[in-house]
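Student: Per the numbering used here, the sequence shown starts with residue 149, numbered consecutively.
All C-beta atoms, glycine included, are put in the ideal place defined by N, C-alpha and C.
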Amino acid sequence: MVVSAAFQQTIRDLMRDTCWDVDADTRKLANVAGALPIGFDLCNNMFIRLDGAVGGAAYDAEHIGFREPSPAALISAMLFGAKRIPQLASLIPSRPDDACECSQCKGSGKLPMSQHTNCNLCGGVGWIADRYVF
Ligand SMILES: [Zn+2]
149 MVVSAAFQQT IRDLMRDTCW DVDADTRKLA NVAGALPIGF DLCNNMFIRL DGAVGGAAYD
209 AEHIGFREPS PAALISAMLF GAKRIPQLAS LIPSRPDDAC ECSQCKGSGK LPMSQHTNCN
269 LCGGVGWIAD RYVF
């Protein structure tokens with residue numbers, strides 16, 4: 149997975165432009181980690197770091213726990229975060245011509261057992277590519 153300079157600049161711009169919209173604790177966590185707060189998922193404040201890693205912090209946490217960057221996690225986080233920050237949707241790569249339909253969700257982008265949960269294999273776009281450029 150490749151994260152472009154344009155992606156990083158957009159995340160930086162969004163950090164500057166949208167951080168006023170979150171509480172002081174979340175803003176502090178985001179500033180320390182250099183990450184964009186994208187919203188509150190079930191029990192975690194979610195963040196996207198400049199390298200594309202997705203992380204979460206439980207209420208009152210001192211640090212954000214980041215996962216190893218992965219296209220599916222980043223796509224899913226951007227689809228989730230676009231509810232609060234619509235510009236994130238424009239950072240999701242277009243489907244390459246040689247992409248395959250996702251074998252798990254059959255292209256729907258949703259888990260078969262829950263039409264409200266993004267597919268964890270493709271992140272919610274319904275396709276799998278050999279290479280992802282964000
Ligand atoms: Zn899928």
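Under 8 angstroms by Cβ, that's how I've got Phe195 and Ile212 pegged, so tell me the actual separation to the nearest angstrom.
Tutor: 5 angstroms
Student: Quick one: using the 10 Å Cβ neighbour count with 16 as the cut-off for buried, is Pro185 buried or exposed?
Tutor: Buried: at least 16 other Cβ atoms inside 10 Å.
Student: Among the candidates Ser242, Ala237, Arg175, Leu239, whose CA atom is the shortest distance from the CA of Ser208?
Tutor: Note on identity: in this sequence residue 208 is Asp, with Ser being the wrong assignment. For Asp208, the nearest C-alpha among the options comes from Arg175.
Student: Looking only at its chain, what residues have a beta carbon closer than 7 angstroms to the beta carbon of Leu239, apart from the 5 residues adjacent to it on each side?
Tutor: So the qualifying residues of the chain are Phe155, Thr158, Met226, Phe282.
Student: Roughly how many whole angstroms lie between the Cα atoms of Ile276 and Phe188?
Tutor: 27 angstroms
Student: Give me the DSSP bridge partner(s) of Trp168.
Tutor: For Trp168, which the question treats as bridged, DSSP gives no partner whatsoever.
Student: Going by the C-beta, is Gln263 closer than 7 angstroms to any heavy atom of ligand 1?
Tutor: Incorrect: Gln263 has no Cβ contact closer than 7 angstroms to ligand 1.
Student: Classify Met190: buried if its beta carbon has 16 or more other beta carbons within 10 angstroms, exposed otherwise.
Tutor: For the record, residue 190 in the displayed sequence is Leu; it is not Met. Looking at its Cβ environment, which holds fewer than 16 other Cβ atoms inside 10 Å, Leu190 is exposed.
Student: In this structure, how does DSSP classify Asp208 when only helix, strand and coil are distinguished?
Tutor: coil
Student: What residues match up with Glu249 in a beta bridge as DSSP calls it?
Tutor: Trp275
Student: Going by the C-beta, is Leu227 closer than 7 angstroms to any heavy atom of ligand 1?
Tutor: Leu227 has its CB no nearer than 7 angstroms to any heavy atom of ligand 1.
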